[in-house]
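So the protein sequences, as listed, match chains A and B.
First residue of the first sequence? That's 138 in this note's numbering, and the numbers climb one at a time after it.
First residue of the second sequence? That's 138 in this note's numbering, and the numbers climb one at a time after it.
What follows is one structure encoded as structure tokens, with my remarks underneath.
There are 2 protein chains.
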Amino acid sequence: MYPGLTKEQVCQIRERLIREMYEPHEVLFREGDPAAFLFALRSGQLKLTSSMPDGRQQIVRIAVAGQLLGIETFKGQRYPFSAEALTDVVACKISHDDLRQILEASPAIALRVIETLSQELDQAESLIRDLGLKTAPEKVSSFLLSLIPQRGDPSAELPLRLSRREIAEMLGLTEETVSRVMADFARKKIIGSGKGYIRILDRKWLEETNGVKNKASSAGRRALSGHS
Amino acid sequence: MYPGLTKEQVCQIRERLIREMYEPHEVLFREGDPAAFLFALRSGQLKLTSSMPDGRQQIVRIAVAGQLLGIETFKGQRYPFSAEALTDVVACKISHDDLRQILEASPAIALRVIETLSQELDQAESLIRDLGLKTAPEKVSSFLLSLIPQRGDPSAELPLRLSRREIAEMLGLTEETVSRVMADFARKKIIGSGKGYIRILDRKWLEETNGVKNKASSAGRRALSGHS
DNA sequence: AGTGAATCTTGATGCAGGTCAATATCCCGT
DNA sequence: ACGGGATATTGACCTGCATCAAGATTCACT
Numbered sequence: 138m139y140p141g142l143t144k145e146q147v148c149q150i151r152e153r154l155i156r157e158m159y160e161p162h163e164v165l166f167r168e169g170d171p172a173a174f175l176f177a178l179r180s181g182q183l184k185l186t187s188s189m190p191d192g193r194q195q196i197v198r199i200a201v202a203g204q205l206l207g208i209e210t211f212k213g214q215r216y217p218f219s220a221e222a223l224t225d226v227v228a229c230k231i232s233h234d235d236l237r238q239i240l241e242a243s244p245a246i247a248l249r250v251i252e253t254l255s256q257e258l259d260q261a262e263s264l265i266r267d268l269g270l271k272t273a274p275e276k277v278s279s280f281l282l283s284l285i286p287q288r289g290d291p292s293a294e295l296p297l298r299l300s301r302r303e304i305a306e307m308l309g310l311t312e313e314t315v316s317r318v319m320a321d322f323a324r325k326k327i328i329g330s331g332k333g334y335i336r337i338l339d340r341k342w343l344e345e346t347n348g349v350k351n352k353a354s355s356a357g358r359r360a361l362s363g364h365s
Numbered sequence: 138m139y140p141g142l143t144k145e146q147v148c149q150i151r152e153r154l155i156r157e158m159y160e161p162h163e164v165l166f167r168e169g170d171p172a173a174f175l176f177a178l179r180s181g182q183l184k185l186t187s188s189m190p191d192g193r194q195q196i197v198r199i200a201v202a203g204q205l206l207g208i209e210t211f212k213g214q215r216y217p218f219s220a221e222a223l224t225d226v227v228a229c230k231i232s233h234d235d236l237r238q239i240l241e242a243s244p245a246i247a248l249r250v251i252e253t254l255s256q257e258l259d260q261a262e263s264l265i266r267d268l269g270l271k272t273a274p275e276k277v278s279s280f281l282l283s284l285i286p287q288r289g290d291p292s293a294e295l296p297l298r299l300s301r302r303e304i305a306e307m308l309g310l311t312e313e314t315v316s317r318v319m320a321d322f323a324r325k326k327i328i329g330s331g332k333g334y335i336r337i338l339d340r341k342w343l344e345e346t347n348g349v350k351n352k353a354s355s356a357g358r359r360a361l362s363g364h365s
């Protein structure tokens with residue numbers, strides 16, 4: 138759990154970690170709050186959202202077990218987003234200074250933090266790609282594919298914890314559009330959808346729609362060709 | 138430069154860093170290439186782009202001096218984007234394994250990497266926000282404001298290294314739309330624009346347009362109100 | 001089981017921004 | 001200073017998705 142540390146060091150760390158539990162809809166912190174702590178998600182999922190003064194909201198990330206939140210403020214003063222539990226959540230809270238000391242003491246932990254951060258960055262950049270250049274059906278495909286667990290049976294019922302509105306807030310769409318696209322997918326037997334779950338029926342089709350693998354036939358948006 | 142290390146360690150590190158220089162438009166690596174190295178940007182700027190098979194392109198990040206690229210692949214196999222120099226660039230190349238060893242040897246360096254990564258994550262999440270919920274003029278405002286240097290004179294001429302097309306590829310718009318919005322801003326004396334540079338004339342206006350501070354008057358998109 | 005509130009679906013309509021097209025301007029080499 | 005290719009601007013039009021508006025389902029209580 139804490140590689141490369143003496144027993145004493147482990148004790149010191151444990152003292153500084155505050156283990157906390159949250160229920161669905163509970164808010165860990167709000168955008169703009171002074172950033173006192175950061176959190177390591179032990180279990181459950183939560184959504185990180187940023188909003189504009191007029192109420193428009195964007196889900197910036199869905200955090201899953203193992204990820205860190207609030208580390209964006211490592212050099213900042215305020216949380217750049219709100220964090221709200223989607224499920225029951227267990228998280229460890231730690232102050233920036235304490236984390237800094239732990240990282241200085243244990244390169245192994247630092248390395249793990251770096252791995253986590255680099256994955257989060259990858260995830261964020263992937264969402265940027267989706268938001269910037271995909272059409273509504275492509276975005277939804279992308280989202281649906283992201284629900285498939287790495288190590289899990291192919292086409293089981295996947296639990297869907299996000300409401301239509303939340304999916305929309307993640308993909309930069311409206312709930313109506315998400316609803317329409319999913320209804321369309323269901324009509325085409327690409328997915329089966331029930332209450333609170335989804336079943337992927339035609340993964341290949343989704344992957345093609347998503348990545349637009351071969352058929353450069355009907356590009357939704359204009360393809361900007363490279364220069365020179 | 139390398140805090141907390143013995144002279145010998147510093148030598149070891151230097152041996153493993155490969156300093157390289159690139160000219161504008163030169164490509165450091167391409168999306169999908171096997172990820173052999175990662176890079177630390179010493180000076181200059183470059184764009185990281187991801188594209189779809191039909192040619193649509195998205196600028197995922199503009200990397201500036203101090204940032205790392207390719208660390209997204211710390212646990213991955215292939216670069217998730219291409220990297221192309223926008224200016225003359227000096228970068229240090231290092232293999233993942235070597236980096237790992239260095240990080241294990243020097244917590245101080247690991248800490249710096251963590252700080253850099255957390256800033257990059259913050260930057261990425263900020264772009265997600267822009268892409269997901271802003272209108273074209275808001276996106277352009279946001280972009281223009283991001284050009285203003287932290288420590289620099291207020292309203293000097295800011296060099297603009299990105300073409301209209303590149304700005305468009307970053308903001309999820311088309312070059313025509315960017316052109317129109319900027320022409321409109323210039324007409325309203327919000328900015329002055331010449332070849333290869335921009336002058337911010339009315340920063341306050343941009344900040345209001347960007348953040349939609351007070352006036353909840355004419356929201357471009359529907360504001361989704363919170364739940365419960 | 002019944003009632004109300006939230007969520008989801010579906011339809012009709014409108015508009016922001018994409019698309020297509022035609023100049024205009026810049027840049028660079030000769 | 002001339003010519004040609006890249007880049008930028010501008011106009012006219014069109015479409016994908018937002019918006020507005022009803023219903024339909026589902027869920028949580030009592």
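By construction, the Cβ of each residue, glycine as well, lies at the ideal position given by its N, Cα and C atoms.
- Beta-bridge analysis with DSSP links ARG215 of chain B to B:PRO171.
- Within its own chain, the residues whose Cβ lies closer than 8 Å to the Cβ of ASP235 of chain B, once the five positions on either side in sequence are excluded, are ARG153, listed in chain order.
- In the DSSP assignment, SER188 of chain A falls within the beta strand (DSSP E) that extends over 182–188.
- In this structure, the CA atom of ILE246 of chain B is about 21 Å from the CA atom of GLN260 of chain B.
- The alpha carbon of GLN204 of chain B has as its nearest neighbour, out of A:GLU160, A:LEU258 and A:ARG215, the alpha carbon of A:LEU258.
- Under the 8 Å Cβ criterion, the stretch 173–180 of chain B counts as touching the stretch 222–239 of chain B, having at least three qualifying pairs.
- Distance from the Cα of LEU308 of chain A is smallest, within the candidate group A:SER283, A:LEU295 and A:GLN287, for A:SER283.
- In this structure, the beta-carbon distance from SER263 of chain B to ASN347 of chain B does not fall below 8 Å.
- Contact check for SER255 of chain A and PHE211 of chain B: beta-carbon distance about 4 Å, within the 8 Å limit, so the pair qualifies.
- Against chain B, a Cβ distance below 8 Å from LYS212 of chain A picks out GLU252, SER255 and GLN256.
- Across the structure, GLU312 of chain B and LYS184 of chain A are spaced so that their CA atoms are roughly 33 Å apart.
- GLU345 of chain A and ARG301 of chain A have their C-alpha atoms roughly 23 Å apart.
- The stretch 158–177 of chain A and the stretch 217–224 of chain A touch, with no fewer than 3 CB-CB distances between them shorter than 8 Å.
- Our two residues, ILE304 of chain B and LYS144 of chain A, have alpha carbons roughly 53 Å apart in a direct line.
- Within 8 Å of the CB of ARG237 of chain B, the CB atoms of chain A belong to LEU248, in sequence order along the chain.
- Contact between LEU310 of chain A and LYS341 of chain A is ruled out by a C-beta separation of about 24 Å, above the 8 Å threshold.
- ARG193 of chain A and LEU299 of chain A have their C-alpha atoms roughly 17 Å apart.
- Here DSSP, grouped into helix, strand and coil, assigns GLU163 of chain A to coil.
- Counting along the chain, the unbroken alpha helix (DSSP H) around ARG302 of chain A starts and ends at 301–308.
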